[in-house]
Amino acid sequence: MLRLTLKGLLAHKLRVALTALAIVLGVTFVTGTLVLTDTLNNTFTTLFSKIYSNVDFEVRGVAAFADQQGAGAVRQPISDTLLPKVAAVPGVAASEGLVGGYAQFVDKHGKAITTGGAPTLGTTFGDKPELSALHPVSGHGPTGPTEVAMDEGTAKKYHFAVGDRVKVLLPGPPETFTISGIVRFGSADNLGGATLAAFTLPTAQKLFHVEGRVDTIEVATASGADKAAVERDIAKILPKGVEVVSAQKVADEQSSAINDALGFFSTALLVFALISLFVGGFTILNTFSITVGQRTRELALLRIVGASRGQVFRSVMLEALVIGLLASLVGLGLGVAMAVGLEALLKAFGISLPEGALIFAPRTVVVGLVVGVGVTVVSAVSPARRAVRIAPIAALQGVQAGTEGNSLRRTVVGAGFGLLGAAALTIGLTAPQISLVGLGAFLIFIGVGMLSPLVARPMSSVLGRPLARLRGVPGRLGRQNSMRSPRRTAQTAAALMVGLALVSTIAVFGASLSKSATSSVSDAIAADYIVMASSQGGPPSGFSASATQTAAGLPGVAVASPIYAGQAKIAKSVTFIGGIAPKDVGSTVTLRMDQGDGPAALAAGDLLVDTTTATRDKLHVGQRLPVTFAETGPTTLRIGGIFKPNIILGSYLVSRTTFIRHFAESTLPIVLLIKTSSPATPAMTTELTKGLASYPNLTVQTRAEYEKTQEAQVNQLLGLVYALLALAIVVALIGIVNTLMLSVFERTREIGLLRAVGMSRRQVRTMIRSEAVILSVFGAVIGIVVGTGLGIALVTSLKEQGFTDLVVPWGNMIVFLVLAGLLGLIAASWPARRAAKLNILEAIATE
Amino acid sequence: MTMTDTIDGGASPTGRPAAAAVELVKTYGTGDATVQALDGVTLEFAAGRFTAVMGPSGSGKSTLMHCMAGLDTPTAGRAFIGDAEIGSLDDKALTQLRRDKVGFIFQAFNLVPTLTARENITLPVDLAGGKVDEDWLRQVTDQLRITERLGHRPSEMSGGQQQRVACARALVTRPDLIFADEPTGNLDSNSSTEVLEFLRRSVTEFGQSIVMVTHDARGAAFADRVVFLADGRLVDELEDPTPDAILEKMKKLGG
Ligand SMILES: Nc1ncnc2c1ncn2[C@@H]1O[C@H](COP(=O)(O)OP(=O)(O)OP(=O)(O)O)[C@@H](O)[C@H]1O
Ligand SMILES: [Mg+2]
């Protein structure tokens, strides 16, 4: 039986290759993602341990919020009087204080140097080179208040050299420094795209508003000292709120913070890989169904000569196993290539990574094989079971392949899957529980896939009618061919259905998000201008507080109102809290109150909470909430009012005075809202931009421009998701190619006959193409219907989260439909050519 | 072309040939495995006549037919349909020729399963984008007694009915020549007689030219002329054949 299976596979190399291709793509994506993230993980872990290789301990403030630990935790600076005390601990060979903060270089053309999301770091360059992670490659570290050291990456890219003057944007007003040296960060010329400005300790303390304090003290022990004893001795002299930890721990914290971020990225990619594998599963299912159908006679003959049901089942499953294994192995190889390619791509985008070997972990091999083989084998179960049910007598009857009708059982099971999926989706959306939502969608797709044969015939008939009219006999034949086997049509279309359903869901989601975002902009902002630090798509970064005064002093500016945001622990969770001047409410932001008087409450030092949070946590006006600030510690704030969700203010709001009182002086505003005395004009925009020219990182936008930016951000995200979903669509197209190919082979005789009685090659091609277009449009229609439904469910469930508008972009849907038809045409081109080239004689001679 | 024209054409059997082969050679395979399926066949099929081709199995009957109908390309020699030399035509012209000038009836699998009988019959006309001559269609289907079956699909018809639909399709364009390769090979004797009688009648009444490959002496006897092939050569022929005369000849050929 094994020999027979393998022989069969060899005899159908093309079919095997096409079937496998669907799986190869999925496994490639899975493997590539895993290899890339493992490699990056390893790279960063090595990098951080190198950076801390000269340091044994770090003294730092304890995490301000107990449930927030690691590299991302908010920590208070510590007094620099600790420096000599730590240095005096026996066994300490060297120690120095470090201070970090916001510092952004301005290039030679006056433009702020942006990074694409990576931080723009300001730090200290210590006078103890043996401790420092920074190594000068030319020049030397800064020695006075007018000197700065620049990272090699930035220096190279923007052509700075030792001795050049460079402007640096800071929490306070921008200042100009002389470059004293170019430095490396560990072994890399930069750290994942971040820029680095290093100052002397006293300069940094002044620039970052932490005079008399440092963020951390790095400690190296003398050789031969008992490290555990030194750590204990340091701990003894530390006041409350300060801790000493091993450098290894700090390195681990930092690399795990980066790895967590990478993990998110990797999970996202894996989800798309799994989607395409799921779509590939439909293709496998379909191919095996068709081939089992075509081999009915052969399989029945096997049964006649004595093969048991088990043997027939196993032979089909074995075929799947072999195909799955082959495909997964190829996918593993291609995945490694993909990881290399992606890494090169990251480098091309200027995210320079430290050199590191490619990590091809055993886990990657296992996951790739299990997923690839698993999907193939599972998809083959149903066709194999059908093969088992073939009666021996079928060998003697001229059974026409693929004319089976609709079984009641499949309808019932399909409906069951659909309902189960809808239930899981509902629970998942209300909980909310993303994995349940995914499971729900998955089950719904399977259910719809099983039910769609019911509508395949009538729908193909309707969809094919215009083709039959326009394209004459070939169109009519194509239409009839697509109606021949509803199950085949439905299964082929199902793959595309899944792809388009996801695309449509995203379309509904995105359009609603866009609309909600823009309508909430006009709902939330009364200011004429919105000023923000350009962050190139990354999270909004802060900017110099002094920009506010500059803006306020410009002619035509009525109000310049900075909005602050910082982390605090409110009730039980660490979250963001915003700060705004009460007198600016109304003129720059629109605060629509559900309860209480907003400005009055703010002025009274009360906390305002938005409706979503108030409903979720059952909060009411007058209640006192425990709030812990990193700087000032625990306190309670009275809820003075509840406001409708506001895009720019977040969930919790206090007055600017209250905010400043509880946060470090160095905290930066994130948005500057400007109300002008007359409405925004291009002249006014120019005026403002010029007036703020000393802060080149700031972009001045009118409200309309800001709305557009919001919309553009949503669209950019959508574009990315579409691009990733394209993979699933490609797999679905391979499925269509595969089905058409199999159909062409199956109908060799028929095509030969048509050619003999006078069908031209072009007409043959038209016939196959018509069938493909009907197939794909059928899949697209169902997909769009299902996807729109999913999208509506999703958006509706997110109403409380600010999805105030539900938009179904019908225009887009029509575009998708047309695109699906075009993709069908593309998928048909090869099978159509193949069919047109069939040798008539051989076709007629085929038994 | 009106029907009278056709009948007139058919009334002079000695007129221009409907098809002709000149020194036709067809070789399959290379080296030791070479098979000389046709070994220099020269013959004419007269217009308005019914010609049967006979010969032992493997003698090259089907090959001759395929080469003369433009379904296959000969290794050497020339084949004509009317005035057109098949070797000089590209695929497009050949397709047109098959569609408009030639009709086919095969032994089996003559019909497209997704099309109804009527759609199968009018297929060549529809493919050409032409208009079906309803009177002619009616006349043919009436003769073949399949008029009531026109709405049925092949799977809903008997083998004999299917072959009669194939006959109707071959006739619907009033082609210069119909090639039939063992059209009754799969039929019982009643059904074959029906088909053969119809072919005979279409020659006599409508002046249709027909070439039919057959193994059956009784079937060949319906023809005006029988040509005999053996080992790829034209070895004998018989005018106005009777079954006995045919059997006699076949015995000599050892078929
Ligand atoms: N495609 C092919 N490749 C190789 N040899 C072929 C091919 N087609 C036919 N032949 C050979 O050519 C010779 C003539 O075949 P052909 O089919 O014309 O015979 P036939 O007279 O129609 O026989 P039958 O009465 O059995 O149908 C045979 O020897 C056959 O084996
Ligand atoms: Mg033959």
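Which chain is which? The protein sequence lines are X and U, in order. Taking the numbering used here as reference, the numbering of the first sequence is continuous, increasing by one, and the terminal residue is 847. Taking the numbering used here as reference, the numbering of the second sequence is continuous, increasing by one, and the terminal residue is 1102. The beta-carbon is built from N, C-alpha and C at its ideal position, and this holds for glycine as well. Remember, it's a predicted structure, so these values are computed and weren't measured experimentally.
DSSP, reduced to helix, strand and coil, places residue 195 of chain X within a strand of the structure shown. In terms of beta-carbon proximity, residue 897 of chain U stays away from the interface with chain X, with every pair separated by 8 Å or more. Within the DSSP bridge table, the entry for residue 95 of chain X names X/219 as partners. Rounded to whole angstroms, the separation of the alpha carbons of residue 498 of chain X and residue 445 of chain X is 6 Å. In this structure, ligand 1 has a non-hydrogen atom nearer than 7 Å to the beta-carbon of residue 908 of chain U. Cα atoms of residue 941 of chain U and residue 871 of chain U: separation of roughly 18 Å, rounded to the nearest angstrom. Not one heavy atom of ligand 2 falls within 7 Å of the beta-carbon of residue 1042 of chain U. According to the DSSP assignment, residue 573 of chain X belongs to the beta strand (DSSP E) that extends over 573-580. Residues of the segment 739-764 of chain X with a Cβ closer than 8 Å to any Cβ of chain U, in chain order: 749, 750, 753, 754, 755, 756, 757, 758, 759, 760, 761 and 763.
In the structure shown, residue 900 of chain U falls within a strand segment according to DSSP collapsed to helix, strand and coil.
Along the segment 474-485 of chain X, the positions whose C-beta sits under 7 Å from a C-beta of chain U are 477, 480, 481 and 484, read in chain order. A straight-line Cα-Cα distance of about 33 Å links residue 214 of chain X and residue 673 of chain X.
Of the candidates X/491, X/483, X/631 and X/82, X/491 places its Cα closest to the Cα of residue 779 of chain X. At least one CB of chain U lies nearer than 8 Å to the CB of residue 472 of chain X. The C-beta distance from residue 421 of chain X to residue 440 of chain X rounds to 5 Å, short enough to meet the 8 Å contact threshold. In the structure shown, the three-state DSSP call for residue 68 of chain X is coil.
Excluding the 5 residues flanking it on each side, residue 1059 of chain U has same chain C-beta neighbours closer than 6 Å at 899 and 1027, in chain order. The C-beta of residue 1048 of chain U has fewer than 16 other C-beta atoms within 10 Å across all chains shown, which makes the residue exposed. Proximity of residue 290 of chain X to chain U, defined by a Cβ-Cβ separation below 8 Å, is not satisfied. Residue 479 of chain X carries a helical assignment under DSSP once its states are collapsed to helix, strand and coil. When Cβ-Cβ separations below 8 Å define contact, residue 840 of chain X makes contact with chain U. Beta-bridge partners assigned by DSSP to residue 652 of chain X: X/609. The beta carbon of residue 768 of chain X does not come within 8 Å of any beta carbon belonging to chain U, so the residue lies off that interface.
Inter-residue distance for residue 997 of chain U and residue 874 of chain U is about 42 Å (C-alpha atoms, whole angstroms). For residue 801 of chain X, the three-state secondary structure derived from DSSP is helix. The DSSP-derived three-state label of residue 886 of chain U is strand. Inclusion of residue 1028 of chain U in the 7 Å shell around ligand 2 follows from its C-beta lying nearer than that to a non-hydrogen atom of the ligand. Only those residues of the segment 980-1014 of chain U whose C-beta falls short of 9 Å from the nearest C-beta of chain X are listed: 1002. In terms of side-chain proximity, the C-beta atom of residue 1060 of chain U is found nearer than 7 Å to a non-hydrogen atom of ligand 2.
In this structure, the C-beta of residue 32 of chain X stays at least 7 Å away from each heavy atom of ligand 1. Distance from the Cα of residue 648 of chain X is smallest, within the candidate group X/610, X/629 and X/805, for X/610. DSSP, read as helix, strand or coil, puts residue 385 of chain X in helix. Among the residues facing chain U, residue 844 of chain X is included, as its CB has a counterpart in that chain under 8 Å away. Every alpha helix (DSSP H) stretch that sits fully inside the segment 961-991 of chain U and reaches 4 residues is listed by chain position as 964-974 and 981-991.
Around the C-beta of residue 800 of chain X, fewer than 16 other C-beta atoms lie within 10 Å, and the residue is accordingly described as exposed. The beta strand (DSSP E) runs of length 3 or more contained entirely in the segment 1032-1100 of chain U are, from start to end of the chain, 1057-1060, 1072-1077 and 1080-1086.
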